[in-house]
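In the numbering used here, the protein residues as written are 66 to 267.
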């Protein structure tokens, strides 16, 4: 599991958990999450989403249905009968999550050892995967993004990705739900909307 920035760089990785463990539990047991909750991760302070808005919202992580909704992590609205605003929020969130998916695709495309079972003891395999992530970041810093490769990876993911039955409860506390609602309202506002989102959810 990893946290990725908008430059496809890994800023946190967790390696070594068993596949049967849920992402939400892995994240909440991590030092990264503990630092977020105790305020020692040096995350920027909340600020308005636009200079013409006054409500201050926190910097957030974007997750899928495998994560619980918290004030620091937004997940999609659950259910099949969603109104337009919630569908647009889910669409915008999925667009942001593509950075994570593409980062993993770029990583695996560059370091082919990740495509197969690693025939090493567990501790060594963990170090190999961590080294691949560090080298991935080094290449991103040095060479930037090969956008042709990125587009190919994104296209493959759109064609091959299937929904996974890995839902955890979508219920967040009042603060978490209020934050998600504020982002939803922003995405459907004149300031925060994008021209193609309405067509994308049809």
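Glycine included, every Cβ here is placed at the ideal spot set by N, Cα and C. These numbers come from a predicted model, not from an experiment.
Residue j beta carbon less than 9 Å from that of residue i
i	j	result
residue 158	residue 134	no
residue 128	residue 162	yes
residue 95	residue 75	no
residue 164	residue 155	no
residue 190	residue 183	yes
residue 122	residue 244	yes
residue 168	residue 73	yes
Coarse secondary structure for residue i, derived from DSSP in three states
i	result
residue 127	strand
residue 145	coil
residue 139	strand
residue 279	Missing from the structure shown is residue 279; the chain here goes from 66 to 267 and no further.
Residue i: first and last residue of the uninterrupted beta strand (DSSP E) it sits in
i	result
residue 194	Run containing residue 194: none in the beta strand (DSSP E); it sits in the alpha helix (DSSP H), 187-208.
residue 76	75-78
residue 67	67-69
Element boundaries [alpha helix (DSSP H), containing residue i]
i	result
residue 165	149-175
residue 263	262-265
residue 241	239-252
Exposure of residue i, with buried meaning 16 or more beta-carbon neighbours within 10 Å
i	result
residue 246	exposed
residue 151	buried
residue 149	exposed
residue 69	buried
residue 71	exposed
residue 260	exposed
Are the segment 185-195 and the segment 79-86 in contact at 8 Å, needing three or more beta carbon pairs? yes
Please confirm if the segment 111-127 is in contact with the segment 247-256, defined as three or more CB-CB distances below 8 Å between the two stretches. With the cut-off at 8 Å, the segment 111-127 and the segment 247-256 touch.
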